[in-house]
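There are 2 protein chains.
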Amino acid sequence: MSSLSISQRGIQMPASPIRKLVPFAEKAKENGIHVYHLNIGQPDIETPPAAMDAVRHNHMRVLEYSHSAGNESYRRKLAGYYNGIGIDVNHEEILITTGGSEAIFFSFLACLNPGDEIIIPEPFYANYNGFAIEAGVKVVPVPSSIKDGFALPPVSDFEKLITDKTKAIVLCNPNNPTGYLYSADEMTTLRDIILKYNLYLMADEAYREFCYGGTHISAMTLKGAENNVILTDTISKRYSACGARMGALVTKNKEVMETVLKFAQARLSPPGFAQILGEAATELPSDYFDGTRAEYKNRRDTLVGRLNAMEGVYCPNPGGAFYAMASLPVEDAEDFCKWLLEEFSYKNQTLMMAPAPGFYATPGLGKNEVRLAYVLNTSEIEKAMDCLQEALKVYPKKPAKLV
Amino acid sequence: MSSLSISQRGIQMPASPIRKLVPFAEKAKENGIHVYHLNIGQPDIETPPAAMDAVRHNHMRVLEYSHSAGNESYRRKLAGYYNGIGIDVNHEEILITTGGSEAIFFSFLACLNPGDEIIIPEPFYANYNGFAIEAGVKVVPVPSSIKDGFALPPVSDFEKLITDKTKAIVLCNPNNPTGYLYSADEMTTLRDIILKYNLYLMADEAYREFCYGGTHISAMTLKGAENNVILTDTISKRYSACGARMGALVTKNKEVMETVLKFAQARLSPPGFAQILGEAATELPSDYFDGTRAEYKNRRDTLVGRLNAMEGVYCPNPGGAFYAMASLPVEDAEDFCKWLLEEFSYKNQTLMMAPAPGFYATPGLGKNEVRLAYVLNTSEIEKAMDCLQEALKVYPKKPAKLV
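So the protein lines, in turn, are chains A and B.
Just so you know, we're using our numbering here: the first sequence kicks off at 676 and counts up by one.
Just so you know, we're using our numbering here: the second sequence kicks off at 676 and counts up by one.
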């Protein structure tokens, strides 16, 4: 006889590492303390008014299902956006998804069997774990290190991990959580690995428009790997439209696209209003990102400068996205982050950061690291850094020897 | 060495049965033939202007992530809607999903292990198959028959199918594709089965507001089964807002809700604009559904009357939703539906219906049946029925003996 029970994957499913300290932040706020949120990638940048207006001015009488792959008009314009940044795709190689999340999940569903393995440089975006559990897939982490600024691990580290079950490498570029921007050489190295072992490269390029100095090399431009690459994309960060839930899966692999379409048909269509927003966003002037990029670069410079000026703190300069990883002179970053919310305040203020262990799959790694999202303006970042600086002076649990 | 391949579930995944004749419809249209679409549940009813206006008049500066369970303000008002129709839930027992689709999938993910079995009266909503394949779950159909008007199969038929692996019964009420409205007695029978065998009852009540005559008994009102019932809901049909992708998972089972929340966190949040639409819709006047219900009832009466007046056609009178299943005097409904689009026209018009075999899991069942969605107004339904009547006169492949 069966019993009313929760599934194994439901039990395995991790709670969100960036949300689990939320109750402590809420408590701090109840106590009248201002909390600077550097814990979550929710930008404060204005969603482009022209794109929002397109939704406001819609004249739909009936909000109908769209095509399961998304409106063709949107896909055609989105192909234009990609073409404009050197990615050669047409609208039939694009499927509109409910956020980048669904694009990642669909790529897992379509390409991987339960028990298959995917290699991901760690630390990595924690929700890859969740989608892997949903798909019954095993995440195999290949460690990158703060000492190398989170550069791509050497080929030999990948090769040591490749087995009969390995089907894909997942790469987020620029990286969340590290902010690392992979170089042209590193992308060539990756291409060679996926071609040699006939693997998929699932490329999450949610932050491509935010690179500071270096050039973004899209996985879609890797010559000879056209059939191996699946791009999972989103407008969430690009246009500060996280709540739209509007992403895309892009691939030149026809068999993958046909399979993904079947999963897309089961859920009928992606969100309707958000497609209007996304389509309008493709028509923004070509210099639209310049302002946002300059703003983020300023914030990065402020944040990284302040962090590295603190004793015992090390933060490699991230080349892209809006995240930085820092090692702190503390024994346990999770305890420290919790203590910041529960026991500390400076001028009635404190800050919230994401403890790094939630981004590592290997137990013990990143224990004294945190991720900071620079989604606040520079003056608020300054105040948050004032808090951090004071906190490190008084926090009792320091390591015997600074790392 | 691994190879670049498509997953087993990707291969198993069925193409949408209601969409696979689309290319033939497109061809007919290219040839200047008007096609009456009775094949798909896309209503022509106006989306409530007041709800659309709430989206149009939004003043959001930044379209932020919402809570993973959906905006609390929406959940509170949605609880009010449920309370108003006799379903006793509060906002913490509601999680907002991306369409009813996601609610169904989350309930599978949270409650079922790969290899577990779910029993579903057939014919059933074809996309249950897709979500079951994604979750690695086995669908076990329990046949209902057009001869009984698609009433709930007898208890003994369920009991024959229950094994150690059976974890849930899925029930769509009123039913898609049959339009059948389950009686109070049938719902009590179901409750007794799920309690006796300790099963989940996953109740899809997307069409609850469209019942013609009979009373809708929500699974959420089954006494003693509070912990067993998961309601999967959507505003798609209720407010003719299919493109919003706005649903809800409702349960009083705390453990299920906590688990579902973890899956919801992985995909961050449900669509933002659609939550505004859904929240505004909860504030429509209480007689809002009267007009729509009367309109659908007229259409049903027109459609069913015309069908049963045709020689060799039988269509039980559906008690709810906006679907009817009819048996036709043809050998193979799929061939007939294709022929209607490819080879037939009457006054330069034809109709598109959904062949029933796509809604059955048991091979061979429903071979001479079709599903008709009465999503067109009565004058269009009349014209579509004129086409069907003429078509049946000239279609060459009739059965040796009328069923």
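By construction, the Cβ of each residue, glycine as well, lies at the ideal position given by its N, Cα and C atoms.
Note that this is a predicted model, so its numbers are computed, not measured.
With a cut-off of 8 angstroms on Cβ pairs, the segment 912-929 of chain A is in contact with the segment 764-778 of chain A, counting three or more such pairs. With 16 or more other Cβ atoms from the protein chains shown falling within 10 Å of its own Cβ, residue 782(B) counts as buried. The closest CA to that of residue 707(B), considering only 872(B), 1029(B), 1018(B) and 966(B), is found on 1018(B). At least 8 angstroms separates the CB of residue 1024(A) from every CB of chain B. For residue 1068(A), the enclosing alpha helix (DSSP H) stretches over residues 1053-1069. For the segment 894-928 of chain A, the beta-carbon criterion of a distance under 9 angstroms to any beta-carbon of chain B is satisfied by 902, 903, 911, 914, 915, 916, 917, 918, 919, 920, 921 and 928. Going by DSSP, residue 879(A) is part of the beta strand (DSSP E) stretching over 875-879. Taken in chain order, the members of the segment 797-817 of chain B whose beta-carbon sits within less than 7 angstroms of a beta-carbon on chain A are 802, 805, 806, 809 and 811.
Residue 860(A) sits in a helix when the DSSP states are folded into three classes.
Annotation for residue 1044(A): the continuous beta strand (DSSP E) segment containing it runs 1044-1048.
Contact of residue 887(B) with chain A is not assigned, every C-beta pair being separated by 8 angstroms or more. Of the candidates 1012(B), 1023(B) and 727(B), the residue whose Cα lies closest to the Cα of residue 705(B) is 1023(B). Going by DSSP, residue 1002(A) is part of no alpha helix (DSSP H) but of the beta strand (DSSP E) stretching over 998-1002. Residue 884(B) and residue 997(B) have their C-alpha atoms roughly 11 angstroms apart.
For residue 739(B), the C-beta contacts it makes with chain A under 8 angstroms involve 717, 917 and 918, in order along the chain. At least one C-beta of chain A is nearer than 8 angstroms to the C-beta of residue 776(B). Residue 993(B) and residue 892(B) have their C-alpha atoms roughly 16 angstroms apart.
Linking residue 898(B) to residue 773(B) through their CA atoms gives a straight-line distance of about 29 angstroms. Using a Cβ-Cβ cut-off of 8 angstroms, residue 748(B) does not count as an interface residue toward chain A, since no Cβ of chain A sits closer than that to its own.
For the 8 angstroms CB-CB criterion, residue 940(B) and residue 744(A) do not form a contact.
Residue environment for residue 823(B): exposed (fewer than 16 other C-beta atoms within 10 angstroms of its C-beta). Contact with chain A is absent for residue 753(B), since none of that chain's Cβ atoms lies less than 8 angstroms from the residue's Cβ. 947, 948, 949 and 952: these are the residues of the segment 947-960 of chain B whose beta carbon lies less than 8 angstroms from some beta carbon of chain A, given in chain order.
By the rule that beta-carbons nearer than 8 angstroms mark a contact, residue 795(B) does not touch chain A.
Per DSSP, the continuous alpha helix (DSSP H) segment holding residue 980(B) begins and ends at 963-983.
Listed along the chain, the chain A residues whose CB falls inside 9 angstroms of the CB of residue 770(B) amount to none; the nearest CB is some 14 angstroms away. Within the same chain, 781 and 784 come within 6 angstroms of residue 938(A) by CB-CB distance, once the 5 residues on both sides are set aside.
By the Cβ test, the segment 788-804 of chain B is in contact with the segment 834-842 of chain B, since at least three Cβ pairs between them sit closer than 8 angstroms.
Listed along chain B, the residues sitting closer than 8 angstroms to residue 688(A) by beta-carbon distance are 934, 937, 938 and 941. The alpha carbon of residue 1012(A) has as its nearest neighbour, out of 1064(A), 896(A) and 696(A), the alpha carbon of 696(A). Taking the C-beta atoms as reference points, residue 881(A) is found nearer than 8 angstroms to residue 908(A). Rounded to whole angstroms, the Cβ separation of residue 1060(A) and residue 700(A) is 18 angstroms, and the two are not in contact under 8 angstroms. In the structure shown, the three-state DSSP call for residue 764(B) is coil. In this structure the segment 731-740 of chain A lies against the segment 715-725 of chain B, because at least three pairs of beta carbons, one per stretch, are closer than 8 angstroms.
Around the beta carbon of residue 686(A), a 10 Å sphere encloses fewer than 16 other beta carbons of the protein chains shown; the residue is thus reported as exposed. The beta-carbon of residue 1064(A) is placed no less than 8 angstroms from the nearest beta-carbon of chain B.
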